[in-house]
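*Asks:* Encoded as structure tokens, here's the structure I'll be asking about.
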Amino acid sequence: QEFQAILDDANDILAPQFGVRLTAELVSWSYTAPLGANLETTLKELAQHDPGTDVFAVVALTSSLTMVTNDFDQIGIAFSPGRHLVVRGYSDVRERAAMESYFEDLTKSERDLMFESRKHHKRLALLLHELGHTFGAQHADAPTPIMTSRAMDAAASHHGTMPSQAAAMNMLTSSSLSA
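Sequential numbering from 2 applies to the sequence shown in the working numbering.
Shown next, in the form of structure tokens:
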């Protein structure tokens, strides 16, 4: 369900810009990465498991890291160009705690909505970033395009602190992505 919602939002961006509309065919894969393996190992195993000759892309969803990171390279990988990509879930306990303390004047439901919106936005940005690699796009130097190696502006993560409340609200609730 969560992945379908992200895919729907990705299609809202991809369809008008590139004329592409993605549909998911969910298939279970019983692969377990060896202890200490990186995402590149999982990506190679995915390509061996499913060559993807009959689809646009083969996407593997895997577990999150135990740390919070804004670095796309830690939470996703793709063959560039290619058909295979792997994206991680998010370890968001620290981020949620920071939001809970920083936005204590908001109701719990408002904080929950803001947090879920931010998490969804980050997952969408990650999927679009890794899909960009499958098209052959490389990392950009500018801090705003979707192909930067950083998932969010550096201001979003100052060792657990948040920027000014107005800037944070704007950042957390923004739904615009540069492509």
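All C-beta atoms, glycine included, are put in the ideal place defined by N, C-alpha and C. As the structure is a computational prediction, the values presented were derived from the model and not from experiment.
#1: Output the distance between the C-alpha atoms of S110 and M100, rounded to the nearest integer angstrom.
#2: Bridge partners for L62 per DSSP, in chain order?
#3: Do you know offhand how far L132's Cα is from L86's?
#4: Quick check on this structure: which residue in H134, R97, D142 has the alpha carbon closest to the alpha carbon of K120?
#5: Under three-state DSSP, which class holds A79?
#6: Taking the C-alpha atoms as reference points, what is the distance between V60 and E3?
#7: Go to A6, then tell me how far its alpha helix (DSSP H) extends in each direction, as first and last residue.
#8: What did DSSP end up calling T54 once you bin it into helix, strand or coil?
#9: Relative to the C-alpha of A1, which candidate in F116, E105, S64, Q139 has its C-alpha closest?
#10: What three-state label does DSSP hand A126 in the structure shown?
#11: A11: buried (16+ other C-beta within 10 angstroms of its C-beta) or exposed?
#12: In its own chain, which residues sit with a C-beta less than 8 angstroms from the C-beta of D142, not counting the 5 before and 5 after it?
#13: Indicate, with yes or no, if the ligand GTP has a heavy atom lying under 6 angstroms from the CB of V94.
#14: Report yes if the CB atom of I7 is closer than 7 angstroms to the CB atom of L128, and no otherwise.
#15: Among residues of its own chain, excluding the 5 on either side of Q5, which ones have a beta-carbon nearer than 8 angstroms to its beta-carbon?
#16: Can I147 and H134 be called in contact, C-beta distance under 7 angstroms?
#17: Check A25 in the structure and name its three-state DSSP category.
#18: Which of the three DSSP states, helix, strand or coil, is assigned to T42?
#19: How is A141 classed by DSSP in three states: helix, strand or coil?
*Replies:* Short version:
#1: Each residue's Cα considered, the two are about 12 angstroms apart.
#2: As DSSP reads the structure, L62 sits in a beta bridge with V88.
#3: A direct Cα-to-Cα measurement between L132 and L86 gives close to 7 angstroms.
#4: Answer by Cα proximity: R97.
#5: Assignment of A79 by DSSP, reduced to helix, strand and coil, places it in the strand class.
#6: Whole-angstrom Cα-Cα distance: 14 angstroms.
#7: Segment 3-19, the alpha helix (DSSP H) holding A6.
#8: Three-state DSSP puts T54 in coil, outside helix and strand.
#9: Since the displayed the chain opens at 2 and closes at 180, residue 1 lies outside it and no answer follows.
#10: Here A126 carries a helix assignment [DSSP, helix/strand/coil].
#11: Counting C-beta atoms within 10 angstroms of its own C-beta, A11 has 16 or more neighbours from the protein chains shown and is therefore classed as buried.
#12: T149.
#13: Ligands are entirely absent from the displayed structure, and the ligand GTP is therefore not among its contents.
#14: The answer is yes: Cβ separation under 7 angstroms.
#15: A25.
#16: Taking 7 angstroms as the Cβ cut-off, I147 and H134 do not qualify as a contacting pair.
#17: The answer is coil: DSSP assigns A25 none of H, G, I, E or B.
#18: Here T42 sits in helix by DSSP.
#19: Strand at A141.
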